[in-house]
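K.L.:
Throughout the sequence shown, residue numbering follows UniProt numbering, covering 1 to 508 in sequence. One structure coming up, written as structure tokens, with questions to follow.
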Amino acid sequence: MEGGPNIQETDYYSVSEDENRYTGLAYHFLDPRGKCHRFIALFFMCFLGFGSYFCYDNPGALHDNFITDLNLSETDFMLLYSLYAWPNVILCFIGGFLIDRVFGIRLGTNIYMFITLIGHTIFAYGTYYNIFSVMAIGRFIFGIGGESVAVAQNNYAVLWFKGKELNMVFGIQLSLARVGSAVNFWVMEPIYKWTTQFYQGYQCIGVVLFIAGMTCLFSMICSLFMGILDKRAEKLLRRNINAPHQVARLTDVKDFPLIFWLISIICVSYYSSIFPFIAQGESFFVKRFNLDPQDANTVNSMIYIIAAVTSPFFGILIDKVGRNLTWVVLSILITALAHSILIFTYLNPYVGTITMGLGYSLLAGALWPLVALIVPEYQMGTAYGLCQAIQNLGNAVMSILTGIVVKSGYFSLEMFFLGWLGIAIIASIFVWILNTSQKRILNMTPQERERAQELENQDQEKLLGDSEQDSSGEITPNSDFQIRNRYLSRIGAPLPANFNADGHTTLR
């Protein structure tokens, strides 16, 4: 399903001549602007990534079976995860750029979901015949598609929900991601035991992985239906007719504002205190609280379970009150409190992990939508892909550092995590200062953002009516880039270094 380049959202919507075709209940279900219709799209939007989240941790859910049935070493086993993570330090950034510049969101999502499906199928095939090189190739291909699908999900969320329920949607997406991970750990072992009635050894694991791959097939179907809905919405809302025709370039990243890079630092430093902790969680709870491995895993899983349950509600709350930066700072402090409870007190460990789950879900609902408020939408895939790439780099490096630090004991490891949360707080303070000094909208209420957007639209309309004379006296219309820079100059925001207040290039 072809989609043009990633396009602008609500501000440029202008419905077709059939604008009033739907009224009453039909409007809510059939018009792309209707809430029920958007939430139907949200169903497909969320589940198009369910398969990749479910299948990502299939090896982890069957760890002992992989080791024994396939005769793998721990190094070979961890390589299956490394082959997913390291390539995506670069590839998901490229994937986001291709959505913006080449494929468009619909075709791009379908391509990446198909790559995910093919990658997992190759992985299952290699497992069935116990050919490790084929398994490795499959995981590599699976990773290329899976991370880019996550970028596409973010693009769809902004396209359909910016200015409406965007924070809630990011919360729901996180919730479904965590549900996919949790369901994987719940069902893979029972499926394996059932399959042993018919197959044995590595063939049994291969069949189990083929069964798990049905979730990727389901996600592929959701991607196709989402594309159909989006194509219809584009036609009815005449997006491409009214959207400015700016083109994303890889070099655009050098012009991303400083706030974007600070948000990326918050992302990396915050998640560096979450995912490595979860990876070490079982051992930590066994040694620190004398739990047996099964109970330790249950305590550890509470972080994901709480996030899955609370993320949509935190998203709704942030949609109602705004103030995203305030919530980001609060979520970091809550997570720091959770780590402090676990290392400095002997309270029931559930208190610490539940608190950490609350902070984790709150940050996801508040932080990720900020990217949509600071980067033009034609660059959205590039921006989210870059965020995903930076996060993957952080996760990969932090996994190595955590393995080194934990040798000094879990007290040192917790201090390590608290240090990264301190970096996240410092970066958040800088974002707050820049947001205030540059008169940005990151910490406004929804009503204040709406008023600011109205003023911007009025100013853009006024600037569109202006014209400029070139040196020959001919009338030259303002380009979109000139308009944007003139508006930024009026509100006191910084301009690119090589442009003056009127939006003209300054010769160097």
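C-beta: ideal position from N, C-alpha, C; glycine also.
Quick one: any contact between the region 337-346 and the region 403-423, if contact means 3 or more CB pairs under 8 Å?
P.N.:
Result yes; three or more Cβ-Cβ pairs closer than 8 Å.
K.L.:
Just the Cα atoms here: how many angstroms apart are Ala152 and Asp57?
P.N.:
By one-based count along the sequence shown, residue 152 stands at place 152. By one-based count along the sequence shown, residue 57 stands at place 57. Straight-line Cα distance between these residues: approximately 21 Å.
K.L.:
For Asp57, name the three-state secondary structure that DSSP assigns.
P.N.:
Looking up residue 57 in the sequence shown gives position 57. Correct three-state label for Asp57: coil.
K.L.:
Give me the Cα-Cα distance between Thr436 and Leu262, rounded to the nearest whole angstrom.
P.N.:
Along the sequence shown, read from residue 1 onward, the residue named residue 436 stands at position 436. Along the sequence shown, read from residue 1 onward, the residue named residue 262 stands at position 262. Answer to the nearest angstrom: the Cα atoms are 15 Å apart.
K.L.:
Between Ile303 and the rest of its own chain, which residues show a CB-CB distance below 7 Å, the 5 nearest in sequence each way excluded?
P.N.:
Within the sequence shown, the letter at position 303 stands for residue 303. Answer for Ile303: Ile278, Thr353, Met356, Gly357 and Tyr360, listed in chain order.
K.L.:
How about Gly143 and Tyr112: are their beta carbons less than 7 Å apart?
P.N.:
Walking along the sequence shown from the start, residue 143 turns up at place 143. Walking along the sequence shown from the start, residue 112 turns up at place 112. Contact: no.
K.L.:
Taking only runs that begin and end inside the region 209-287, name each unbroken alpha helix (DSSP H) of 4 or more residues, in chain order.
P.N.:
The qualifying runs are 214-237, 239-242 and 258-271.
K.L.:
Between the beta-carbon of Asn184 and the beta-carbon of Leu325, is there less than 7 Å?
P.N.:
Residue 184 sits at position 184 when you count from the first residue of the sequence shown. Residue 325 sits at position 325 when you count from the first residue of the sequence shown. Not a contact, by the Cβ cut-off of 7 Å.
K.L.:
Counting Cβ pairs closer than 8 Å, one from the region 179-194 and one from the region 402-419, do we hit at least three?
P.N.:
Output reads no: the region 402-419 does not touch the region 179-194.
K.L.:
Tell me which residues share the same chain as Phe313 and place their Cβ nearer than 8 Å to its Cβ, disregarding the 5 neighbours each side in the sequence.
P.N.:
In the sequence shown, residue 313 corresponds to position 313, counting from 1. Answer for Phe313: Gly171, listed in chain order.
K.L.:
The alpha helix (DSSP H) with Pro349 in it runs from where to where?
P.N.:
Sequence index remark: in the sequence shown, residue 349 carries index 349 (1-based). Start and end: Pro349 to Leu367.
K.L.:
Helix, strand or coil for Ser73? Go by DSSP, reduced to three states.
P.N.:
Taking the first residue of the sequence shown as 1, we reach residue 73 at position 73. Note: Ser73 maps to coil in three-state DSSP.
K.L.:
For Ala150, which residues from the same chain have a beta carbon less than 7 Å from its beta carbon, with the 5 sequence-adjacent residues on both sides left out?
P.N.:
The residue you call residue 150 lines up with position 150 of the sequence shown. These residues qualify, in order along the chain: Gly49 and Gln388.
K.L.:
Please report the straight-line C-alpha distance between Gln458 and Ile118, rounded to a whole angstrom.
P.N.:
By 1-based counting over the sequence shown, the position of residue 458 is 458. By 1-based counting over the sequence shown, the position of residue 118 is 118. Their backbone Cα atoms lie some 49 Å apart in a straight line.
K.L.:
Expressed to the nearest angstrom, what Euclidean distance is found between the alpha-carbon atoms of Gln280 and Ala61?
P.N.:
Position 280 of the sequence shown, counting from 1, holds the residue named residue 280. Position 61 of the sequence shown, counting from 1, holds the residue named residue 61. Rounded to whole angstroms, Gln280 to Ala61 spans 15 Å at the Cα level.
K.L.:
Within a Cβ cutoff of 7 Å, which residues of the same chain sit near Ala124, ignoring the five residues on either side of it in sequence?
P.N.:
For the purposes of this step, residue 124 is identified with residue 124 of the sequence shown, where counting begins at 1. For Ala124, where only same-chain residues beyond five positions count, the Cβ hits under 7 Å are Gly206, Leu209, Phe210 and Gly213.
K.L.:
Could you spell out the range, first to last residue, of the alpha helix (DSSP H) harbouring Pro32?
P.N.:
Residue numbering aside, residue 32 sits at position 32 when the sequence shown is read from its first letter. Careful: Pro32 lies outside any alpha helix (DSSP H) and carries neither H nor E.
K.L.:
Taking its Cβ as the centre, do 16 or more other Cβ atoms sit within 10 Å of Trp194, making it buried, or is it exposed?
P.N.:
Here the question's residue 194 lines up with position 194 in the sequence shown. Trp194 is exposed by the Cβ-count criterion.
K.L.:
Given Ala366, which residues of its chain have a CB within under 6 Å of its CB, disregarding the five upstream and five downstream residues?
P.N.:
Here the question's residue 366 lines up with position 366 in the sequence shown. Correct list, in chain order: Ile318, Asn324, Trp327 and Val328.
K.L.:
Mind reading off the beta-carbon distance from Leu174 to Ala364? Whole number of angstroms is fine, and I expect it under 8 Å.
P.N.:
Position 174 of the sequence shown holds residue 174. Position 364 of the sequence shown holds residue 364. That pair is a contact at about 4 Å.
K.L.:
Quick check: what's the CA-CA separation for Ser180 versus Leu455?
P.N.:
Taking the first residue of the sequence shown as position 1, residue 180 is located at position 180. Taking the first residue of the sequence shown as position 1, residue 455 is located at position 455. The question names Ser, but residue 180 is Gly in the sequence shown. When rounded, the distance between both Cα atoms is 42 Å.
K.L.:
If you reduce the DSSP assignment to three classes, tell me which class Thr345 lands in.
P.N.:
Against the sequence shown, residue 345 aligns to sequence position 345. Of the three classes helix, strand and coil, the one that applies to Thr345 here is coil, per DSSP.
K.L.:
Take Phe54 as the anchor and find which of Ile400, Gly201, Thr345 and Ala177 has the nearest alpha-carbon.
P.N.:
Within the sequence shown, numbered from 1, the residue matching residue 54 stands at position 54. Comparing Cα positions, the closest option is Ala177.
K.L.:
Can you grab the Cα-Cα spacing for the pair Pro59 / Ile316, in whole Å?
P.N.:
Taking the first residue of the sequence shown as 1, we reach residue 59 at position 59. Taking the first residue of the sequence shown as 1, we reach residue 316 at position 316. Distance between the alpha carbons of Pro59 and Ile316 is about 34 Å.
K.L.:
Between which two residues does the alpha helix (DSSP H) holding Leu442 run?
P.N.:
Taking the first residue of the sequence shown as 1, we reach residue 442 at position 442. First-last for Leu442: undefined, no H or E at that position.
K.L.:
Would you call the CB atoms of Pro376 and Val299 closer than 7 Å?
P.N.:
For the purposes of this step, residue 376 is taken as the residue at position 376 of the sequence shown. For the purposes of this step, residue 299 is taken as the residue at position 299 of the sequence shown. It is not a contact, given that the beta carbons lie outside the stated cut-off.
K.L.:
Rounded to the nearest angstrom, what separates Met135 and Gly126 at their Cα positions?
P.N.:
Taking the first residue of the sequence shown as position 1, residue 135 is located at position 135. Taking the first residue of the sequence shown as position 1, residue 126 is located at position 126. Roughly 5 Å between the two C-alpha positions.
K.L.:
Alpha carbons only, please: which of Ile99, Phe161 and Gly403 is nearest the one belonging to Phe284?
P.N.:
As a first step, residue 284 is located in the sequence shown; it is residue number 284 there, counting from the start. Nearest C-alpha to Phe284: Gly403.
K.L.:
Kindly list the residues whose CB is nearer than 8 Å to the CB of Thr196, restricted to its own chain and excluding five residues on each side of it in sequence; keep chain order.
P.N.:
As a working mapping, residue 196 is identified with position 196 in the sequence shown. Within the same chain, Thr196 has close Cβ partners Cys204.
K.L.:
Please name the residue in Asn290, Val169, Asn65 and Cys46 whose C-alpha comes closest to that of Thr215.
P.N.:
One-based indexing of the sequence shown puts residue 215 at position 215. It is Cys46 whose Cα lies nearest to the Cα of Thr215.
K.L.:
Ala427: which of Asp31, Glu450, Ile266 and Ile306 sits nearest, CA to CA?
P.N.:
Here residue 427 refers to the residue found at position 427 of the sequence shown. Considering only alpha carbons, the answer is Ile266.
K.L.:
Quick one: is Glu448 buried, meaning 16 or more other Cβ sit within 10 Å of its Cβ, or exposed?
P.N.:
Along the sequence shown, one-based indexing puts residue 448 at 448. With fewer than 16 other Cβ atoms within 10 Å, it is exposed.
K.L.:
Which first and last residues belong to the alpha helix (DSSP H) in which Trp432 is found?
P.N.:
Reading the sequence shown from its first residue, position 432 is the one you call residue 432. Run containing Trp432: Tyr410 to Ser437, per the alpha helix (DSSP H) assignment.
K.L.:
Which of the three DSSP states is assigned to Val406 in this structure?
P.N.:
By 1-based counting over the sequence shown, the position of residue 406 is 406. Looking at Val406 - three-state DSSP - the assignment turns out to be helix.
K.L.:
In this structure, does DSSP put Ile144 in helix, strand or coil?
P.N.:
Counting from 1 along the sequence shown, the entry for residue 144 is found at position 144. Correct three-state label for Ile144: helix.
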